[in-house]
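Peer 1: Note that the numbering used here has the sequence shown beginning at -4, numbered continuously upward. Beta carbons are placed, not taken as given, at the ideal position from N, Cα and C, and that holds for glycine. Can you keep this structure in mind? I'll have questions shortly.
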Amino acid sequence: MGSAQSRRITPGANPTKRKNATKKNATKKARPRNPATQGTPVAPAKIIQGDCLDHLSRLAKHADRFDLVYVDPPFNTGFAHSARKKRGARAQGETAYDDSWGGLNNFLDMLRPRVTAMRTVMSDVGSLWLHLDHRAIHDTKIILDDVFGAAHFRGEIIWVPGNGSRRRSGPGVTHQTILIYSKTLEMIWNGDDPALREPFAATSLRTHFRKKDEDGRQYRDRTINGKTYRYYADEGRRLGSVWSDCPAMNANTPLSDETTGYPTQKPEALLERIILASSLVGSRVLDPMCGSGTTIAVAARLGRPAVGMDRSATACRIARKRIR
-4 MGSAQSRRIT PGANPTKRKN ATKKNATKKA RPRNPATQGT PVAPAKIIQG
46 DCLDHLSRLA KHADRFDLVY VDPPFNTGFA HSARKKRGAR AQGETAYDDS
96 WGGLNNFLDM LRPRVTAMRT VMSDVGSLWL HLDHRAIHDT KIILDDVFGA
146 AHFRGEIIWV PGNGSRRRSG PGVTHQTILI YSKTLEMIWN GDDPALREPF
196 AATSLRTHFR KKDEDGRQYR DRTINGKTYR YYADEGRRLG SVWSDCPAMN
246 ANTPLSDETT GYPTQKPEAL LERIILASSL VGSRVLDPMC GSGTTIAVAA
296 RLGRPAVGMD RSATACRIAR KRIR
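Pasting the structure below:
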């Protein structure tokens, strides 16, 4: 994943390595869930109120490090965001956070020392996933190249929330970007995990997967260097870098029980995919600007001890409810 010319590692077991060798594997069933990445125990979780810069400095003094840091900072929108008083309510409640910085330079001045501090608490196989939109993503990448080193840029995810665009002064912006950096030239990456695959397109199924085995499973055979490999259609393909299958949450018109009323809440499906991709059961997960606490709630459910931080009292109150 990404441009770094480096060795990617996945500590622990990886029973899902892609392969499906020759004809003797023809009766192979669907691959099992990977116990190294998809745990069931509820792990410890904690929410800390306050500026993450202060708390990260304290964490850096301890030996514990985080295998995954996901951060969804303010987007430099220029205005304050309010939470809804209750699910489905039309009236706005208390201010969740103020995203007014007085210009892009001030926003970047806020962000640089904090991402620098995030790097100090990452493990040697840890990765940072930083989530922004068009307003500041390009300038932020320059900062991250400087803090982490350009060789540690591992790629980017284009997330398509599916909620359209109201922009009239130019092309509608219908995506957000997640930049991925590793602390060293090694990082946890579970790209072969069953949960990190997507279905083949219908045209691909019709064109390439024309055969069926005795169990009725569609497959195709490919011969590489004299060896024949069998690929099953129901195993899907590795995820690409454009994710359009994790619809956005909408605090104004909630669509599911996971809605908290917190503005800019991210869907659990998105965070589950990120956590499964770059951590293992038992890995420590950090979200230093955790908002409604989606990262922390999902990480704990997947067996990852998690720590969330946020300056907003509203955010911390909502997040704590999700991990009780």
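1) Within 10 angstroms of its Cβ, does Val237 collect 16 or more other Cβ (buried), or is it exposed?
2) Give me the Cα-Cα distance between Ile318 and Thr259, rounded to the nearest whole angstrom.
3) Select from Ala78, Ala38 and Thr111 the residue whose C-alpha is nearest the C-alpha of Ser52.
4) Since I believe Ile43 is in contact with Val302 (beta carbons under 8 Å), could you give me their beta-carbon distance rounded to a whole number of angstroms?
5) Output the distance between the C-alpha atoms of Thr248 and Gly256, rounded to the nearest integer angstrom.
6) Which residues in the same chain as Leu106 place their Cβ atom closer than 7 Å to its Cβ, once the five residues preceding and following it in sequence are excluded?
7) Are any of the Cβ atoms in chain D nearer than 8 Å to that of Gln260?
8) The beta strand (DSSP E) spanning Met244 covers which residue range?
9) Inspect the CB distances between the stretch 228 to 243 and the stretch 115 to 128 and report whether three or more fall short of 8 Å.
10) Can you give me the C-alpha to C-alpha distance between Asp188 and Ser274, rounded to a whole angstrom?
11) On a CA-only basis, which of Glu263, Ser307 and Leu191 is nearest Ile291? Give me that one, please.
12) What number of angstroms, rounded off, separates the C-alpha of Thr179 from the C-alpha of Ser122?
13) If Lys206 sits next to Arg217, beta carbons under 8 Å apart, how far is it from one beta carbon to the other, in whole angstroms?
14) List in chain order: all unbroken alpha helix (DSSP H) runs of 4+ residues lying wholly within the stretch 131 to 210.
15) Is it right to say Asp282 is buried, meaning 16 or more other beta carbons lie within 10 angstroms of its own, or is it exposed?
16) Measuring straight from C-alpha to C-alpha, what distance separates His50 and Ile269?
17) Would you call Glu181 buried or exposed, if buried means 16 or more other Cβ atoms sit within 10 Å of its Cβ?
18) When we look at the beta-carbon of Met304 and count the other beta-carbons within 10 Å, is it buried (16 or more) or exposed?
19) When the distance is taken between beta carbons, is Asn158 closer than 8 Å to Leu271?
20) Note down, in chain order, each residue of its chain lying with its Cβ closer than 8 Å to the Cβ of Val37, except the 5 sequence neighbours on either side.
21) Could you give the DSSP three-state label for Arg217: helix, strand or coil?
22) What does the Cβ neighbour count give for Arg212, buried or exposed, with the cut at 16 atoms within 10 Å?
23) What residue from Asp59, Arg163 and Glu209 has the CA that sits closest to Met113's CA?
24) With a threshold of 8 Å on Cβ separation, who are the neighbours of Arg192 within its own chain once the five nearest residues in sequence on each side are excluded?
Peer 2: So, from the data block:
1) exposed
2) 19 Å
3) Thr111
4) The beta-carbon distance between Val302 and Ile43, rounded to whole angstroms, is 7 Å. This is short enough to meet the 8 Å contact definition.
5) Confidence at Thr248 is low in this model, with a pLDDT of 46, below 50, so its placement is unreliable and the value that follows should be read with caution. The alpha-carbon atoms of Thr248 and Gly256 are separated by roughly 9 Å.
6) Pro68, Thr135 and Ile138
7) Reference to chain D is not applicable here, since this structure consists of a single protein chain.
8) Taken as a continuous stretch (DSSP letters only), Met244 belongs to no beta strand (DSSP E), as it is neither H nor E.
9) no
10) 11 Å
11) Glu263
12) 9 Å
13) About 12 Å; that fails the 8 Å criterion.
14) Taken in chain order, the complete alpha helix (DSSP H) segments of 4 residues or longer contained in the stretch 131 to 210 are 132 to 143 and 197 to 203.
15) buried
16) The straight-line gap from Cα to Cα measures roughly 24 Å.
17) buried
18) buried
19) no
20) Taking Val37 as the centre and dropping the five residues before and after it, the same chain places the C-beta of Ala295, Arg296 and Gly298 closer than 8 Å to its C-beta, in chain order.
21) Annotated three-state conformation of Arg217 is strand, per DSSP.
22) buried
23) Checking every option, the nearest Cα to that of Met113 belongs to Asp59.
24) Glu230, Gly231, Arg232, Arg233 and Leu234
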